[in-house]
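Student:
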Amino acid sequence: MQPLVQLDGVSKAFTLHLHEGVRLDVVSDVNFSAAPGECIVLGGPSGAGKSSLLKIVYGNYSCDAGHIWIRDGGEMIDVATAEPRRILAMRRHVMGYVSQFLRVIPRVGALEIVAAAGREGGLDSQVAQDRAEEYLSLLNVPERLWTLPPATFSGGEQQRVNIARGLIADRPVLLLDEPTASLDARNRAVVVDLVERKKKAGVAIIGIFHDEDVRDKVATHVVDVTHFAAKTA
Amino acid sequence: MLNDLPDAPLLSVRDLTRYYGERIGCADVSFDLYEGEVLAVVGESGSGKSTLLSLLATELEASAGSIRYRMRDGIARDLATLTEAERRLLLRTDWGFVRQDSTQGLRMSVSAGGNIGERLMAVGARHYGNIRGTSLDWLGRVEIDRGRIDDIPKAFSGGMRQRLQIARNLVTHPRLVFMDEPTSGLDVSVQARLLDLIRGLVSELGLAVIIVTHDLSVARLLSHRIMVMKGGRVIEAGLTDRVLDDPHQPYTQLLVSSVLAA
Ligand SMILES: Nc1ncnc2c1ncn2[C@@H]1O[C@H](COP(=O)(O)OP(=O)(O)O)[C@@H](O)[C@H]1O
Ligand SMILES: Nc1ncnc2c1ncn2[C@@H]1O[C@H](COP(=O)(O)OP(=O)(O)O)[C@@H](O)[C@H]1O
Ligand SMILES: [Mg+2]
Ligand SMILES: [Mg+2]
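The structure is reproduced here in structure tokens:
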């Protein structure tokens, strides 16, 4: 099957100008791809560059060399050179991202945050509403919290709202950065289920999962990011 | 999905430059802005943000460079070639300008309803009842008690004045809105509410916005793209979260880190 995401010679270094211009080489010459129904798990120790790679695919970090091809309708678009408005359109319709943390939105209730994410991702508003309720229930977010802004929720509750928000729309590409990090076993199992549903629906997933049992259940391939450790001069 | 993006920019700016005598106001600024895009211009005081905004709004004459704007008929015009009448019509109907100092953006001795109605009359509204009805509707949309329609802005708090400016500017359904530090000087909670309001209206109306701010959290919340200015020049530009999370230029890294430290 044709890949939905293809990294081709991607390299990334940070130059820390406030720290004597120290250059931090993170990865170099990264090549891998993700096809529909695949879940590529990025492996490697903390600091290896896993999160940076996901952010590069999402257009949140730039890269210094290489291409990130992502299928957008009938076209392959290179995120490395795409215009901002193209990347934002792709985030609406093509690629979803679930980070470890919820960036809290003021004054909006949890259910509305999730439903709004669905509408923004192209769901009809009734479908978005129904699915928001379904996902929050599945993820064991108590119904009495649904109308409240998540600012005061526990870390785990916030994370589950965040997961519901990230998974609600039907985007063909999903990027998951340790979505199970602060969850208990019961909710980890729910996330594994949701990821399996996405794979069956033909979504291409690139994820980071700290938990070995989660990783073993969802991964179709593991890519060890230390193989791309930058060759420091 | 390509076809959901318009391919002709609304505003096309090339090498825009303004000197004040020997001193650079802003220099060599180039960018395109598309419908529905919110562009934040950030940088320290004196970096040229207000000069750029005044040039774009044709309040200031450029020393060099060009600004092309796509009119409602679809034809892009060089703004320097507009007649005075055409320029005024643009300012009063197709554009809005929300100013940091509300006394410059409002008529302080005219009622709230009159401030909104005045812009409507500029686009040809004549029926008193309709104008009042639309003004009332807009007061509601910007969360000002409709009972205040006959009060003058002098009697309003800072946050209410800014909301009234927004109503006055948006009532004519402009396509492009300039904002110069619209939330600065307000209490944090008032600011948060105003930002929510602006964010909602901008996406609902599909406005193109150029917002000048020294506050990176405002830029993060409202904008799609950022241009960072220093010494009158654009030193870094791109997708808002890319510029803020992976800043490349030394100055941008400094700006971002001072926010983190604050
Ligand atoms: N925005 C950034 N600016 C500077 N350095 C960064 C930034 N993001 C990540 N890094 C650095 O890049 C390296 C890889 O980090 P990361 O991608 O988060 O690794 P992982 O997710 O594998 O733990 C680390 O040394 C980290 O400090
Ligand atoms: N009317 C003016 N006459 C002379 N110099 C000016 C005038 N307005 C601005 N400047 C100068 O132009 C530069 C840019 O100013 P400005 O556009 O107001 O920056 P900002 O809005 O970023 O604070 C500064 O050096 C400022 O002193
Ligand atoms: Mg990480
Ligand atoms: Mg200024």
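The listed protein sequences correspond, in order, to chains G and P. 9 is the number that the working numbering gives to position 9 of the first sequence; each next residue is one higher, with no gaps. 355 is the number that the working numbering gives to position 122 of the second sequence; each next residue is one higher, with no gaps. For each residue, glycine too, the CB sits at the ideal point set by N, CA and C. All of these numbers come straight from a predicted model, not from anything done at the bench.
Along the region 453–474 of chain P, where does the CB come closer than 7 Å to a CB of chain G? Name the residues.
Tutor: So the list reads His457, Arg458, Gly471, Leu472, Asp474, given in the order they occur along the chain.
Student: Count the other C-beta atoms from every protein chain shown that fall within 10 angstroms of the C-beta of P/Gln398, then say buried if there are 16 or more, exposed otherwise.
Tutor: Buried: at least 16 other Cβ atoms inside 10 Å.
Student: Out of P/Leu288, P/Gly298, P/Leu323, point me to the one whose CA is closest to P/Met304's CA.
Tutor: The candidate whose alpha carbon is nearest that of P/Met304 is P/Leu323.
Student: For the alpha helix (DSSP H) containing G/Ala97, name the first residue and the last one.
Tutor: The identity of residue 97 of chain G in the sequence shown is Tyr, whereas the question assumes Ala. Where G/Tyr97 is concerned, there is no enclosing alpha helix (DSSP H), although the beta strand (DSSP E) it sits in stretches over 95–98.
Student: Would you say G/Ile113 lies against chain P (beta-carbon separation less than 9 Å)?
Tutor: For G/Ile113, the answer is no, since every Cβ of chain P falls outside 9 Å of its Cβ.
Student: Could you pull out every residue in the same chain whose Cβ sits closer than 8 Å to the Cβ of P/Leu235, ignoring the five residues on either side in sequence?
Tutor: With a pLDDT of 45 at P/Leu235, under the threshold of 50, the modelled position of this residue cannot be trusted, and the question is left open.
Student: Measure how close the beta-carbons of P/Pro407 and P/Thr291 come, nearest whole angstrom, since I'm counting them as under 8 Å.
Tutor: Actually they do not touch by this definition, with Cβ atoms about 14 Å apart.
Student: Cβ atoms of G/Gly109 and G/Ala169: under 9 Å apart, would you say?
Tutor: Against a cut-off of 9 Å, the Cβ pair of G/Gly109 and G/Ala169 comes out as no contact.
Student: Is any heavy atom of ligand 3 found at a distance shorter than 8 Å from the C-beta of G/Asp177?
Tutor: Yes, Cβ of G/Asp177 sits closer than 8 Å to a heavy atom of ligand 3.
Student: Using 9 Å as the limit for Cβ to Cβ distance, is G/Arg160 near chain P?
Tutor: Answer no: the Cβ-Cβ gap between G/Arg160 and chain P never drops below 9 Å.
Student: Please report whether the beta-carbon of P/Val451 lies at a distance below 9 Å from any beta-carbon of chain G.
Tutor: No, no contact with chain G.
Student: Indicate the three-state DSSP secondary structure (helix, strand or coil) for P/Ala494 in the structure shown.
Tutor: Note that P/Ala494 scores 48 on pLDDT, short of 50, meaning its location in the model is unreliable; the coordinates nonetheless yield the value given after this. Note: P/Ala494 maps to helix in three-state DSSP.
Student: Tell me which residues share the same chain as P/Ser368 and place their Cβ nearer than 7 Å to its Cβ, disregarding the 5 neighbours each side in the sequence.
Tutor: If we look at P/Ser368 and ignore the five residues flanking it on each side, its Cβ neighbours are Gly346, Ile349, Gly350, Ile382.
Student: Ignoring anything shorter than 4 residues or poking outside the region 1–85 of chain G, list the alpha helix (DSSP H) runs there in chain order.
Tutor: The region 1–85 of chain G contains these whole alpha helix (DSSP H) runs: 50–58.
Student: Closer than 8 Å to a non-hydrogen atom of ligand 1 - does that hold for the CB of G/Leu24?
Tutor: Yes, the Cβ of G/Leu24 comes within 8 Å of a heavy atom of ligand 1.
Student: Report back the beta-carbon spacing between G/Leu18 and P/Leu487 to the nearest angstrom; my notes put them in contact at under 8 Å.
Tutor: 6 Å between Cβ atoms; contact.
Student: Going by Cα to Cα distance, which pick from P/Cys259, P/Gln424, P/Ala358 is closest to P/Arg251?
Tutor: Checking every option, the nearest Cα to that of P/Arg251 belongs to P/Cys259.
Student: Spatial neighbours of P/Leu353 within its chain, please: C-beta separation below 7 Å, excluding the five flanking residues on both sides.
Tutor: Correct list, in chain order: Ile364, Thr367, Val404, Thr405.
Student: Taking Cβ positions, are P/Ile444 and P/Leu272 nearer each other than 9 Å?
Tutor: Yes, Cβ-Cβ distance for P/Ile444 and P/Leu272 is below 9 Å.
Student: Decide if the region 195–213 of chain G is in contact with the region 124–131 of chain G; the criterion is three or more beta carbon pairs, one per stretch, under 8 Å apart.
Tutor: Cβ pair count under 8 Å is below three, so no.
Student: Report yes or no: is there a C-beta of chain P within less than 9 Å of the C-beta of G/Ile87?
Tutor: At least one chain P Cβ lies under 9 Å of G/Ile87.
Student: Considering only heavy atoms of ligand 3, does any lie closer than 8 Å to the CB of G/Lys50?
Tutor: Result yes, Cβ under 8 Å from ligand 3.
Student: Would you kindly check if the distance between the Cβ of G/Ala80 and the Cβ of G/Gly96 is under 9 Å?
Tutor: No, the Cβ-Cβ distance between G/Gly96 and G/Ala80 is not below 9 Å.
Student: Give a yes or no on contact between the region 1–13 of chain G and the region 35–46 of chain G, applying the rule of three or more CB pairs nearer than 8 Å.
Tutor: Flag = yes, the region 1–13 of chain G and the region 35–46 of chain G touch.
Student: Tell me the DSSP secondary structure of G/Gly156 in three-state form.
Tutor: Reduced to three states, the DSSP call for G/Gly156 is helix.
Student: Between the beta-carbon of G/Gly73 and the beta-carbon of G/Val225, is there less than 9 Å?
Tutor: No; because the gap between Cβ atoms is not below 9 Å, this pair is not in contact.
Student: DSSP three-state label for P/His457, please.
Tutor: Of the three classes helix, strand and coil, the one that applies to P/His457 here is coil, per DSSP.
Student: Three-state secondary structure (DSSP) at G/His221?
Tutor: In the structure shown, G/His221 sits in a strand (DSSP, three-state: E or B).
Student: From the beta carbon of G/Lys50, is the nearest beta carbon of chain P less than 9 Å away?
Tutor: No, its Cβ sits nowhere closer than 9 Å to a Cβ of chain P.
Student: Start and end of the beta strand (DSSP E) containing P/Leu266?
Tutor: Note, P/Leu266: beta strand (DSSP E), 256–266.
Student: Could you name each continuous alpha helix (DSSP H) segment of 4 residues or more that falls completely within the region 426–482 of chain P, going from the start of the chain to the end?
Tutor: Complete alpha helix (DSSP H) runs here, min 4: 449–455, 473–478.
Student: Please report the residue range of the alpha helix (DSSP H) in which P/Thr314 lies.
Tutor: Taken as a continuous stretch (DSSP letters only), P/Thr314 belongs to no alpha helix (DSSP H), as it is neither H nor E.
Student: Can you find a heavy atom of ligand 4 that lies under 8 Å from the Cβ of P/Val445?
Tutor: Yes - ligand 4 has a heavy atom lying nearer than 8 Å to the Cβ of P/Val445.
Student: In angstroms, rounded to a whole number, what distance separates the CA positions of G/Asn60 and G/Ile87?
Tutor: Looking at the two C-alpha atoms, the distance is approximately 9 Å.
Student: Going by Cα to Cα distance, which pick from G/Gly21, G/Asn140, G/Leu16, G/Val10 is closest to G/Ser33?
Tutor: The residue with the shortest Cα to Cα distance from G/Ser33 is G/Val10.
Student: I'd like to know whether the C-beta of G/Phe14 is nearer than 9 Å to at least one C-beta of chain P.
Tutor: Closer than 9 Å: yes.
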